[in-house]
Structure formats: structure tokens, C-alpha cells
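Undergrad: My questions will all concern the structure given below.
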Amino acid sequence: MGTSEDKRLDTVQTGFNVIDALTDGSAKANDASVKEAIVAIKEQNYKQRKIVPSKINSNSKTKPYKIKLAAGDKRSQGMYLLLEPKEVKYTSKGITAPPNRTYQIQVAVEVMYNNKRCRGKRTFNIPKGTSITKAVESIIPKKSNMIEALKTKGTLKIEKITKVESKPDGDLDYCFEKYINKLKAQGRKPNTLRVYGLNYRNYISIAIGSKKPSEVTEDDVQAIITDAKNAAKANNTIAGIKRILKPLLEQNDRVLNWKKIGMPKVETGNRKYNKPVEVTAKIVEALINYQHKKANGVFRFLLTGRRVNEVLYLEHEQINYEKGTYTILSKYAKTNRNFTFKLTPALITAIKAQDTKSGRIFRIESRQMLEHFKNAMRSIGIYDMVLHDIRSMVAQTALDAGADIYEVSKMLSHQKVSTTEASYAEGGANQAIKAQQKFEQTLLIQDDIIDLDVLEQTKDNTTRLKEMYPKASNEVIAYAIDVLEGRKLK
0 MGTSEDKRLD TVQTGFNVID ALTDGSAKAN DASVKEAIVA IKEQNYKQRK IVPSKINSNS
60 KTKPYKIKLA AGDKRSQGMY LLLEPKEVKY TSKGITAPPN RTYQIQVAVE VMYNNKRCRG
120 KRTFNIPKGT SITKAVESII PKKSNMIEAL KTKGTLKIEK ITKVESKPDG DLDYCFEKYI
180 NKLKAQGRKP NTLRVYGLNY RNYISIAIGS KKPSEVTEDD VQAIITDAKN AAKANNTIAG
240 IKRILKPLLE QNDRVLNWKK IGMPKVETGN RKYNKPVEVT AKIVEALINY QHKKANGVFR
300 FLLTGRRVNE VLYLEHEQIN YEKGTYTILS KYAKTNRNFT FKLTPALITA IKAQDTKSGR
360 IFRIESRQML EHFKNAMRSI GIYDMVLHDI RSMVAQTALD AGADIYEVSK MLSHQKVSTT
420 EASYAEGGAN QAIKAQQKFE QTLLIQDDII DLDVLEQTKD NTTRLKEMYP KASNEVIAYA
480 IDVLEGRKLK
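Here the sequence shown is numbered in numbering that gives the first Met the number 0, starting from 0 and rising by one per residue.
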């Protein structure tokens, strides 16, 4: 019994020694001795620790107590010493007394951010033997950094960035993780990264993710393409596999002969919206009356010609109620520029209906929006539209109603009018015949009006002049009419 207990205690003590070694940097997690100690501790399956190292306090039930320095010294404002209830808090002079151990100081700060009160806390470890005054002095710069962070971001949370360690010739899944982190660092749009990740997991990873880049062949890729075709995936989706794999492999020194791989032809033309105005009215009515609060708000913005991604990542901080505008930031706009648009009453209502007050206005994802759109269209018997078609519908309907191509281009935030023309203006014979018909219609209407006016006016003036000058010839009468109407002056 004693021998077993001694062995158990030795193992526990070894474990704590390992913790100390890891803490001061004298050992690494992948050292053999560290791994052996961890395995031994797990095997013991002990319930209570009999040995506690001096650095670790077994009673973690501490409470914050306000730090007090000498009278008039306010440097410790917002700082609290974490102590156990039974520990001494203050000296006889009312100054905070540090415990005879490694202790912690909690710092609480508060600032105004975007007209809102923001608070944050952080805890700092203080070495044993450090006086309270010294501890406070060392924390003051850190407190200033906390305040600055709150003023800038409204939070003390640090965005977690996954660090990928350098590893020569890892498997494709590992290489893809590195590739995505690189794209993220380059500022690629969140939606692009999301689509890349989705396509990689759905088509590439399940097939060749465990292979090294040097082991991937043209036959491997062809098998992925064939499987996607057999699953009736769209040609654009299949082409996306190449858009991911080609740079991913080349970044890892693997170049394939893509001419050997049968890729489907991708339609380069834009989807045209050509539904009659009666159907368009039904679609708009279904969207603005859709009962889901978040989806309805997004639909309202989409009906102004915005892209889905622009709306989903729109934040309260980009809304200017005073000027009646909202701004799409460049990182979410397709053209990498900020764009500002008018905030209509309908859009303000859509924003106010949400439960959010800061950050993203519409807390809903694109895949959910697609389902809501399908539901709305299903209710009116339409099955051949996708979410982006709302944008095409808005643009095409505006053009058909007589809007200028330049106005529509601005509404869609296109950098070039030629982009709008290529996407929405009809070309060739259709456009030519429409122009000819409008010309002829306008010309005929103008001729009719001119002829009737001239006839009526000429008849009236001729009769009057004949009555006034019965001996005047018709030629003189006609000349007089021209002079009176300003067509001839002598």
C-alpha cells in the first residue's frame, strides 16, 4: 500500500516538475520525458492531489478587493487584488497588503465607444515578493493599452489567428490550411474564403486530402471532376475545383498538365432577367411581405440593387442617420472601393426591426438566405431564380422603365458603364429594332402634332387676313402669315 502510494505521489510530483519546466522554458511539449510524465499521470487516475507546488494555490475561490495606496495616491484606480476571504487585505494604515505568494491583480476599465459604455477586465500575475506599489506601477502602462483598445475596437477580445507551423511537404489538407491563411493575410474577401473552404471540403479533401502535393496526379483530379459531373454539379462549381487546386499545388511545387484533364465548358455570359412586369410585381410583393424578420430586412436592401455579401456584412457603424446614408466598405465590395448610398425610409425600418445594436446588422448567413428566397419564390410558383437574380431584376426593370444606363450603373456600383451594358443591355438585332421603333414612334407623333397645329393655325390666320384685306393676293397673305409667326423677317 505504502509503495503504491509513494509511486503515485512521485508521479504527481514529476508532473508538477514538468509543468514548472514548461513554464520557465527549460522543456518543450514534444520532449520524450514530458510525454512519459503525462502518460504516467493519466495512468494513475488519482482523485486528489496530495502535493501542491508553491506556485499553484489549491484554493481558487478568490475575490477582488480594491487596492488602496497611500492617502491621495490614485494610481490604483480600477485595480483589484484577488485574495481568499481569510487572507489579510489591508495593513493597519489602510494600505493594501500583498500576500506572501504569487498573486494576481485584476484591472477594470470603462470607456465610451460609438456612444455606448464599454467595459473590459484583465488579470495580471505578479511574482511573489513584489510590493503593491511596484505591482501597480508595472500595470499602469498595460491599463493604458486596455483603454486604447476599448476606444478603438469596443472590446478587449483578441482575434484568434491560427498559426500553421512550418512543415516540409505536408499533406494536401495541411497545405490548404496554409494557403487559406495566406489568402486571409492578403485581404481576400470573407465570402471568397468561405466558398474556397466549402468547395475544398466537399470535393477535394474527401478524395485526396491525405495525399502529399507531390503525389497528386492528373488522374486524381480527373476522378474528382468526373464525380462532380456525375453528381450533376453545375459547370461553374466544377470549374471552382480547378481555381482552388491549381494555385494550391503550384505553391507546393507540383505542376499538373491541365490539358490532360477534361474540364466542362463554363458559360461566360451573364444571367438575363426577362420576366414580364406582372411577374416582377409578384416577386417584389412576395419579398417585401416575407414574414421572417432578418430575411425580410435583407430582401429590402437587395431590392435596391445591392449584392448579397454587401448586405450580410453591413454593420451599424456604417449607417449615418444624420446624413441619411450607408456605406459599403471596400473589403466587402466587389470593386475594392467604398460606396455610399441613400438610406430610404424602408431601409431604416428594416434596420430598426433587427435585434442588433452594433456590429453586423443582419445576423444571418448566405445559405440561410438562399433557403428563405426559395421559400418566397415557391409561394408564387417560381423555381428558376437564384438570390443574385434580384439584382438583375432590379437593374433590368429600371432600364426597361426608361432609366438611364449611367444611373443604373451607379446604382449597381459598377466602375465602368460598359460592365452594366454587357450585363443588362440587349445587344445586336433586338437592341437595334427597339431603337428604330422608338425613333419612328417619336418622329410620327411629332409630325402629327406639327401638321395639325399648322393646318388649324394657317386656316384661321388666312381667313382673318382675307377678311381684313379682301383685295390682297394669296401669295401676299401667305407671306404676311410667315412674318407674323417669325419665320421671315425683312
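All C-beta atoms in this analysis are idealised placements derived from N, C-alpha and C, irrespective of residue type, glycine included.
#1: Taking the alpha helix (DSSP H) that Pro263 falls in, what are its first and last residues?
#2: What span of residues does the alpha helix (DSSP H) with Asn190 cover, start to end?
#3: Can you have a look at Arg306 and say buried or exposed, based on whether 16 or more other CB atoms are within 10 angstroms of its CB?
#4: Sort Gln103, Glu176, Tyr195 and Asp172 by Cα distance to Lys121 and report the nearest one.
#5: Quick check: what's the CA-CA separation for Ala107 versus Cys117?
#6: Let's test the definition: count the other Cβ atoms within 10 Å of the Cβ of Thr457 and tell me whether it reaches 16, buried, or not, exposed.
#7: Ile179 and Gly196 look like a contact to me (Cβ under 8 Å); what is the Cβ gap, rounded to whole Å?
#8: Quick check on the DSSP output: what are the complete alpha helix (DSSP H) runs of length 4 or more inside the segment 62-119, in order along the chain?
#9: Would you tell me roughly how many angstroms separate the C-alpha atoms of Asp388 and Ala375, rounded to the nearest one?
#10: Tell me whether Tyr382 is buried or exposed, calling it buried when 16 or more other Cβ atoms sit within 10 Å of its Cβ.
#11: Under 8 Å, do Lys142 and Tyr112 count as touching if we go by C-beta distance?
#12: Quick one: is Gly296 buried, meaning 16 or more other Cβ sit within 10 Å of its Cβ, or exposed?
#13: Use the C-beta contact count for Lys351: other C-beta atoms within 10 angstroms, 16 or more gives buried, fewer gives exposed.
#14: Determine the burial state of Lys292: buried for a count of at least 16 other Cβ atoms within 10 Å of its Cβ, exposed for fewer.
#15: Where Ser209 and Ala233 are concerned, what is the direct C-alpha to C-alpha distance, given to the nearest angstrom?
#16: Please report the distance separating the alpha-carbon of Lys214 from that of Val194.
#17: What residue does the beta strand (DSSP E) around Tyr325 start on, and which one ends it?
#18: Compute the distance between the beta-carbons of Pro212 and Leu171, then report whether it is under 8 Å.
#19: Could you have a look at Phe300 and say whether DSSP puts it in helix, strand or coil?
#20: In the DSSP assignment, find the unbroken beta strand (DSSP E) run with Thr339 in it and report its ends.
#21: On the premise that Gln353 lies in contact with Ile347, defined as a C-beta separation below 8 Å, what is that separation, rounded to the nearest angstrom?
#22: If you draw a straight line from the alpha carbon of Thr216 to that of Ala231, how long is it in whole angstroms?
#23: If the criterion is Cβ atoms closer than 8 Å, does the pair Tyr325 and Asn308 meet it?
#24: Assign Asn198 to buried or exposed, taking buried as 16 or more other Cβ atoms, counted over all protein chains shown, within 10 Å of its Cβ.
#25: What distance in whole Å lies between the Cβ atoms of Pro263 and Ile237, which are believed to be in contact at a cut-off of 8 Å?
#26: Would a C-beta distance cut-off of 8 Å place Ile146 and Ala134 closer than the cut-off?
#27: Can you tell me whether Asn124 is helix, strand or coil according to DSSP?
#28: Applying the criterion that 16 or more other CB atoms from any shown protein chain within 10 Å of the CB defines a buried residue, is Asn251 buried or exposed?
#29: For the alpha helix (DSSP H) holding Ser204, just list the boundary residues, first then last.
TA: In brief:
#1: That residue, Pro263, is in no alpha helix (DSSP H); it is neither H nor E in DSSP.
#2: Pro189 to Asn198
#3: buried
#4: Looking at the sequence provided, one finds Arg at residue 121 rather than Lys. For the residues Gln103, Glu176, Tyr195 and Asp172, the minimum Cα distance to Arg121 belongs to Gln103.
#5: 11 Å
#6: With a pLDDT of 45 at Thr457, under the threshold of 50, the modelled position of this residue cannot be trusted, and the question is left open.
#7: 7 Å
#8: none
#9: 14 Å
#10: exposed
#11: no
#12: buried
#13: exposed
#14: exposed
#15: 26 Å
#16: Inspection of the sequence shows that residue 214 is occupied by Glu rather than by Lys. C-alpha separation (whole angstroms): 25 Å.
#17: Thr324 to Ile327
#18: yes
#19: helix
#20: Phe338 to Lys341
#21: Contact flag wrong, Cβ pair sits at about 11 Å.
#22: 24 Å
#23: no
#24: buried
#25: 5 Å
#26: no
#27: strand
#28: buried
#29: Per DSSP, Ser204 belongs to no alpha helix (DSSP H) and is neither H nor E.
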